[in-house]
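First to last, the protein sequences are chains C and W. All you need for this note's numbering is the position in the first sequence, starting with 1, plus 1. All you need for this note's numbering is the position in the second sequence, starting with 1, plus 1.
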Amino acid sequence: MIEFRNIHKAFGENKVLKGINCTIPTGSVTVIVGPSGSGKTTLLRSVNFLERADSGEIILDDIHLDVEKATKADIHKIRQRTAMVFQTYNLFKNKTALENIMEGLAIVRKVPKAAAKEKALHFLEKVGLGHKAAAYPHELSGGQQQRIGIARALALNPDVILFDEPTSALDPELVGEVLEVMKKVTQEVNCTLVVVTHEIAFAREVADHVIFMDGGVIVEQGPPQEILNHPKEDRTKQFLSRYISLVEYNI
Amino acid sequence: MGIYFDLDYLIKTFPIILSYVHTSLLITLVAGVIGIVIGSIVALIRINKITILDKLAAIYISFIRGTPFLVQLFLAYFGLPELMQKLGYQGIREIPTLFYVFIVFSLHVGAYIAEIIRSAILAVDKGQLEAAYSIGMGAIQAYSRIILPQAFSIAIPTICNIIISTLKGTSLVFNVGVIDMMRKADLMGANSHRSLELYINVAIIYILLVFIISKVSTFIEKRQVGYHQMNNL
Ligand SMILES: Nc1ncnc2c1ncn2[C@@H]1O[C@H](COP(=O)(O)OP(=O)(O)OP(=O)(O)O)[C@@H](O)[C@H]1O
Ligand SMILES: [Mg+2]
C-alpha cells in the first residue's frame with residue numbers, strides 16, 4: 002500500500018503539488034492520467050525521492066515517512082522496496098541488457114553472481130528478449146530498451162513499480178509491444194503498479210483504479226469505468242473528450 | 002654540408018639520447034596514474050559541492066591553471082625543502098629530486114583531469130544516476146559503477162591530450178637537476194658543439210612518443226566501440 006498525505010511540492014514559485022491525498026492498495030494497478038504539467042511525474046518521483054516533496058507524509062506499508070524529516074537511510078530503505086520504469090528508459094549505457102538487470106540483484110541485493118545471472122536471464126526471457134542478453138542499449142530499439150527497463154524493475158521483486166509514461170517516447174509502431182509486456186506484468190505480478198500514461202485504452206483494460214490529476218490536485222479518482230466512461234467533474238470530461246477524440250482522429 | 006650538419010653524428014648520438022627516455026616516460030606514467038586518481042576525487046568533490054573541500058578544490062585548480070608550470074616546479078623543488086627544514090625536518094637531503102618532480106606533475110595533471118572529468122560527469126545523462134538510485138544503489142555504487150565509467154569513455158580523448166602535454170612538459174625537469182634527454186643533449190652539445198643534431202634527436206623521440214600515445218588513444222576509443230559491435234547479436 003502507498004499512501005500520500007497532504008503532499009506539497011513547489012519548484013520556486015511554481016506550485017506543482019497542492020495537497021495530494023490518496024491511498025493506493027497493495028497489489029492494485031493504479032493509472033494516473035491528467036494534462037501535461039499537472040504534476041503526475043512529480044508525484045510519482047516523490048515516492049522514491051528522486052524528487053523530494055516539500056511537506057506531507059508518504060507511507061509505504063510499514064515505512065512511514067514525514068518527507069521533511071526523511072533521512073538518507075529512510076530514502077535508501079524506500080528505494081530498496083520500489084523500482085521505476087522511466088519515460089526515456091534510462092538503461093545503463095555501459096552495461097549489456099543482461100548486466101542492466103543483474104546490477105540491482107548482484108550489487109544492491111548482494112545476490113551471488115551466478116544466481117543473479119540466472120534470475121536476470123529469466124526476466125529477460127519474460128519480456129521476450131533472451132536473445133539480446135549481450136546487446137548494449139544503443140544497439141536496441143526503444144521498445145526493446147523499455148522492455149528491458151521493465152525486466153530490470155521486475156527482477157528486484159519490489160513492493161511497488163512506478164511507471165512514468167513508459168510508452169510516450171516510443172515510435173508509434175513500438176508502443177504495442179511494450180503495452181503487451183505491461184499487460185502481462187499486470188496479470189502475473191502481485192506487486193503494486195502505479196502507471197502514469199496517456200494510453201486511455203490501456204488504462205480501461207488493466208487498471209483497478211484511475212486517478213485524474215489537474216493543476217497539482219487530484220480532481221477525481223475511482224474505478225476505470227467510472228472515471229473514464231462516466232466522469233463527474235467537468236475538467237475530467239474536458240480532458241477525456243479531447244484525448245479520446247484525438248485518439249479516434251488518429252485512427 | 003658536414004660542416005653545417007653532421008648526419009653521422011645525429012645517427013650515432015640517437016641511441017645515447019634515447020637511453021634517457023625512461024625518465025620522461027616514468028614521470029608521465031606516475032603523473033598520469035596519480036593524476037587520474039586525484040582528478041576523479043576532486044571532480045566528485047566539486048560536483049557534489051562538499052562544503053569546505055569544494056572551496057579547497059577550487060583554489061587548487063585555479064592555482065595550478067593560473068601559474069606557469071616551471072614556477073610550480075621551482076616552488077616544490079626549492080620552496081618545499083626550505084619550508085620543511087624550517088619546520089624542523091632534517092632528512093631533506095635524502096629525498097630524491099624525482100620525488101618533487103612526481104608531486105608537481107601529479108598535482109598538475111590532477112587539476113586538469115579534475116576539470117575534464119567534471120565536465121564529462123556533467124555530460125552523462127542525468128537519467129543514469131536516477132536509474133541507479135531507483136534500483137536502490139547508494140551514491141558510491143552509482144558513481145563507481147555507472148557514472149564514472151561512462152564519464153571516462155567521454156573523457157578519454159581529452160585525457161590523452163593531457164598525457165601528451167605532460168610528456169612534453171617533462172622536457173623542463175632538467176631545470177631541477179634531473180638528467181633527462183634534454184639535459185643529456187645539453188651536456189653533449191657543450192662538448193661537441195653539435196647541439197642542432199642533438200636537439201633534433203630529442204625532437205624526433207618526442208614526436209614518436211606523442212604519435213604512439215595518440216595511437217593508443219584511438220585504439221582505446223575504437224576498442225570501446227568495437228566491443229559494443231562485437232557483442233551485437
Ligand atoms: N526539476 C524541475 N524543476 C523545475 N520545474 C519543474 C521540475 N520538474 C517539473 N517541473 C514543473 O512542474 C510542473 C509539473 O511537472 P510534471 O513533470 O510533474 O508534470 P506531468 O504531469 O508529468 O506532465 P507531462 O504529462 O508533460 O509529463 C511543470 O510545470 C514543470 O515545468
Ligand atoms: Mg510527466
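Beta carbons: idealized from backbone N, C-alpha and C, even for Gly.
Limits of the alpha helix (DSSP H) - the one that residue i falls within
i	result
C:A117	114-127
W:M189	182-193
W:T24	22-48
W:I164	149-170
W:L130	127-135
C:I151	143-156
C:G177	173-189
Residue i (DSSP reduced to helix, strand or coil)
i	result
W:N176	helix
W:N202	helix
C:Y90	strand
C:Q81	helix
C:D75	helix
C:E221	strand
C:N15	strand
C:K10	strand
W:H109	helix
C:T97	coil
C:F50	coil
C:L194	strand
C:N22	strand
W:F15	helix
C:I64	strand
W:A51	It is worth fixing the name first, because residue 51 of chain W is Ile in this sequence and not Ala. In the structure shown, W:I51 sits in coil (DSSP, three-state: anything other than H, G, I, E or B).
W:F79	helix
W:E116	helix
C:E104	helix
C:E4	strand
For residue i, the first and last residue of its enclosing beta strand (DSSP E)
i	result
C:L163	161-165
C:L56	Looking at the sequence itself, residue 56 of chain C is Ser, so the reference to Leu does not match. From DSSP, the beta strand (DSSP E) with C:S56 extends over 56-61.
C:D215	210-215
C:V32	30-34
Proximity test, Cβ basis, 8 angstroms: residue i and chain C
i	result
W:G36	no
W:E198	no
W:S135	yes
W:A132	yes
W:R224	no
W:M138	yes
W:G128	yes
W:I221	no
W:I147	yes
Cutoff 8 angstroms: residue i Cβ touching any chain W Cβ
i	result
C:K94	yes
C:T89	yes
C:R148	no
C:R153	yes
C:L180	no
C:L157	yes
C:Q222	no
C:V109	yes
C:M183	no
C:M85	yes
C:L51	yes
Cβ shell of residue i (< 7 angstroms), same chain only, five flanking positions each side left out
i	result
W:F70	H109, G170, L173
W:A156	I117, I118, A121
C:P26	M2
W:I201	L11
W:I114	G36, I37, G40, I160, I163
C:E221	F213, I228, P232, K233, E234, T237
W:I18	M182, K185, A186, L199, N202, V203, I206
C:A11	V17, D55
W:R195	D7, Y10
Residues of its chain near residue i, where Cβ-Cβ distance is below 8 angstroms and the 5 sequence neighbours each way are ignored
i	result
C:L241	I201, L229, P232
C:R80	N49, F50
C:E7	First, the amino acid is wrong: residue 7 of chain C is Asn here, not Glu. G20, I21, N22, S56, G57, E58, listed in sequence order.
W:K56	none
Neighbourhood of residue i by C-beta, 6 angstroms cutoff - its chain only, sequence neighbours within 5 removed
i	result
C:I76	F50
C:G143	L171, L175
C:E52	T43, R46
Cβ distance (whole Å) where residue i is taken to contact residue j below 8 angstroms
i	j	result
C:A98	C:A134	6 angstroms
W:F79	W:A32	Not a contact, Cβ separation roughly 20 angstroms.
C:D160	C:R110	Their Cβ separation, rounded to whole angstroms, is 14 angstroms, which puts C:D160 and C:R110 out of contact at 8 angstroms.
W:F106	W:T24	Their Cβ separation, rounded to whole angstroms, is 12 angstroms, which puts W:F106 and W:T24 out of contact at 8 angstroms.
C:D209	C:S29	4 angstroms
C:V211	C:V86	Not really, about 19 angstroms apart at Cβ, beyond 8 angstroms.
C:V195	C:Q147	Their Cβ separation, rounded to whole angstroms, is 17 angstroms, which puts C:V195 and C:Q147 out of contact at 8 angstroms.
C:K120	C:L106	6 angstroms
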